[in-house]
Structures are given as C-alpha cells and as structure tokens.
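Student: Numbering (the working numbering), first residue to last: 372 to 711.
Cβ atoms here follow ideal geometry from the backbone N, Cα and C, with glycine treated the same way.
Submitted below is the structure of interest, expressed as structure tokens.
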C-alpha cells in the first residue's frame, strides 16, 4: 500500500453543473480546489451555503467524478484506483445512510459485510460499535423507531466498521443534542489519537475550534483562506464592536455612527432578525465609549453593546460576507447576514 505523509491531496479540483434554475449555463460547485491533509490530522472544511464543501467530500470519497483536477487518497489515484480508495475510507454524510427497516445490529452487520469482513468479524465489530455509541439497549429495535440523534450515531458507527484509515465526516453532529455532540467529539478525538485522518465539514464553529488542526474556508467553490483557527483570527486582525439595536427604525442611524467613528473600517454587517450590527475596528475601548455617548445623546435604545476579539464567526463574516452554514441539498440558500 502506498505510504505518504499526506493522506489526502487534491490539486485544481473542478466540478461544473448546469444551472438548476434555468437548465442553461454553468454553476461551478468547485473551481480549482487544492487540499492537503496529513496523517492523523483533522482538516475542517468550512464555508457558507452552496460553497462546495459537500461536493468536495463526495468527489474525494469517490461518489462524484471531478471535471478537472487530480487527487490522491492514501497514495491511491482518485481517477484510476477508486476501488482501492473505498477500501481505506469511511464516510458519514449529512443524512444518515442506514436502512430504517433493519435493526441497528443488522445495519452494522450489513455494512461490515459490504466492507468484506467475515460474518463473524462483522458481528464482533457491531457489538463493539453499538457499545461505543451507546446503542446496545436499542440494537434490536428497527431503526425507524430511532431518534434523529440515534440514527446519526449509528451512521457514524457504520462508517467506522471497516476501521478506515481516512474518515470523511460531512456535518457529523447535525441533529445531536449538546451532550451527544460532546460525546461525538470525544469519539473523533479518540480516532485521531489512534492515527485516523479526518476531513470534517461542519456548521458549528466551535466544533472546528475544538477538532480541526487546520481549517480551509471555502466560498464559491474556491479556497479563500486556510490555517489554524488562531491564524485565521489573526489574519482578519483587530477587534469587533457589536451593537444590538432595540428598534429597527434606528438601525440606519446607528450604522452611520459606527462608520463615522472609524472611517478606516466602513463595513458594517447587519443581522436583520436580531437587529445586530457588527464592525471591525482597531480603536479598542475608545470607539466603545464614544459610541455609548453618542447613542445616549440621541436617545437611541440598545439591548446590548460589546467589544470582543475576533471569533471564527467573525472570520466568516469578514471573508465571505455571511456566517458559516452547511451546504443545502438542491439549493444555495444563504444566511440572514448581509452588508448594511
């Protein structure tokens, strides 16, 4: 089996679809994506709706063919050695790919056989994984009776039954309650400690902070930034001043005030639903104190005001103009954030 320090490499991946709205023209789901993921590390692939994250995962997992570019997975060529690649990877997609008419135990045994385990080994692995994912008590119930979180855990267990060297996780904790999400993080950390390489897409920014060694930001099919969480935060620099305006009629005036106080950073982002205004600044507490005085002078009511260091959410707002969110099957709906 080929050996390399890079378990996943991709160069210039392009995927083109016809426009679903018109049936004509082209939509570049991927537009020259380059990726590298080292042995036993976690790459977090993040970006807004329709950015191309799921398309990239499907291509690297051999479910889609790229229109251009090349990639290797565990040293195997994506174009010529798909069968060998499928023998060393596991995939947990956005939606649980389990048979709801089988029991949990039967699902895992079936996946084990598909991974070419012997019947007895598939049974042994099923028992271990059912215990690991806290599904033993429900293992003989049909999956249609499972909650959404239980299905997600069963789906990840199925992805692990073949002991993959590389794991593709597309929104792995979607639908899980906070306790189950923390448990899933522990499972992923354990796999990485054992040497598994992980490519992760997620809509939870704290998940990327917790799990990813490196983050690649995707927008409109391109990688627009990459680095560790701290590196990305440093890249956009400064601090963020955030104001929640009580009355929508005051939003335009408060936006003008913020821009006037720091003309070097005129971009103010608005979340219409929460009436939250956000702006980058290098003026520190001076701008906070000045804005408070001006708001008071004009009797503008606010519900909150704060100055904070950049977060990953700020990175996404700065780089893409909208918050990170998962790819939506069949659509490109965006978030509520827009430039004010």
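1) Taking the continuous beta strand (DSSP E) assigned at residue 598, which residues delimit it?
2) At 3 residues or longer, what runs of the beta strand (DSSP E) sit wholly inside the stretch 641-665?
3) Thinking just about the alpha-carbon of each residue, which of 632, 607, 636, 647 is nearest to the one in residue 622?
4) Could you check how far apart the C-beta atoms of residue 539 and residue 428 are, in whole angstroms? I think they sit under 8 angstroms.
5) Just to confirm my understanding: we take residue 378, look at its own chain, exclude 5 residues before and 5 after, and list those with CB closer than 6 angstroms. What are they?
6) Within 8 angstroms, do at least three Cβ pairs link the stretch 675-682 to the stretch 612-627?
7) Which residue comes first and which comes last in the alpha helix (DSSP H) that contains residue 528?
8) So, under 8 angstroms CB-CB, residue 404 and residue 439 are touching, yes? Tell me the CB distance rounded to an integer number of Å.
9) Which complete beta strand (DSSP E) runs does the stretch 599-633 hold, if anything under 3 residues is left out?
10) Mind pulling the beta strand (DSSP E) runs of 3 or more residues that sit fully within the stretch 533-579?
11) Using the Cβ count rule (16 or more neighbours within 10 Å means buried), how would you classify residue 450?
12) Taking 8 angstroms as the limit between beta carbons, can you name the residues of its chain near residue 600, skipping five residues before and five after?
13) Consult DSSP for residue 408 and reduce its assignment to one of helix, strand or coil.
14) When you compare the CB positions of residue 541 and residue 463, do they come within less than 8 angstroms of one another, or not?
15) Between the C-alpha atoms of residue 603 and residue 418, what's the straight-line distance to the nearest angstrom?
16) Please state the DSSP three-state secondary structure of residue 397.
17) Does residue 572 pass the burial test, meaning 16 or more other C-beta atoms within 10 Å, or should it be called exposed?
18) Would you identify the three-state DSSP class for residue 453, choosing helix, strand or coil?
19) If you draw a straight line from the alpha carbon of residue 652 to that of residue 551, how long is it in whole angstroms?
20) Can you pull the DSSP bridge partners for residue 439?
21) I need the boundaries of the beta strand (DSSP E) containing residue 671, first residue and last residue.
22) Cα-Cα, which of 666, 435, 608, 458 is closest to residue 534?
23) Once DSSP output is grouped into helix, strand and coil, what is the label at residue 503?
24) Measure how close the beta-carbons of residue 544 and residue 555 come, nearest whole angstrom, since I'm counting them as under 8 angstroms.
25) Sorted by chain position, which residues of the same chain lie with C-beta nearer than 8 angstroms to residue 389's C-beta, five sequence neighbours on each side aside?
26) Rank 467, 482, 478 by C-alpha distance to the C-alpha of residue 518 and give the top, closest one.
27) Suppose contacts are defined by Cβ-Cβ distances below 8 angstroms. Is residue 383 in contact with residue 589 by that definition?
28) Tell me, which residues are paired with residue 509 by DSSP?
29) Pull up the DSSP beta-bridge partners for residue 459, would you.
Tutor: According to the structure data:
1) Taken as a continuous stretch (DSSP letters only), the beta strand (DSSP E) holding residue 598 covers 593-598.
2) Complete beta strand (DSSP E) runs here, min 3: 647-652.
3) Looking at the Cα atoms, 647 is the closest of the given residues.
4) 5 angstroms
5) Within the same chain, residue 378 has close Cβ partners 408, 410, 445, 537, 568.
6) yes
7) 519-531
8) Wrong, their Cβ atoms sit about 10 angstroms apart, outside the cutoff.
9) 610-616
10) 537-541, 568-572
11) exposed
12) 579, 580, 583, 586, 683
13) strand
14) Their beta carbons are under 8 angstroms apart, which means residue 541 touches residue 463 by this criterion.
15) 13 angstroms
16) strand
17) Answer is buried; the Cβ neighbour count reaches 16.
18) helix
19) Cα to Cα, residue 652 sits roughly 37 angstroms from residue 551.
20) 385
21) Residue 671 -> no beta strand (DSSP E), and no H or E assigned at all.
22) 458
23) Correct three-state label for residue 503: helix.
24) 5 angstroms
25) 395, 396, 397, 398
26) Nearest in C-alpha terms to residue 518, of all of 467, 482, 478, is 467.
27) no
28) Partner residues in a beta bridge of residue 509, as assigned by DSSP, do not exist.
29) When beta bridges are read from the DSSP output, residue 459 appears opposite no residue.
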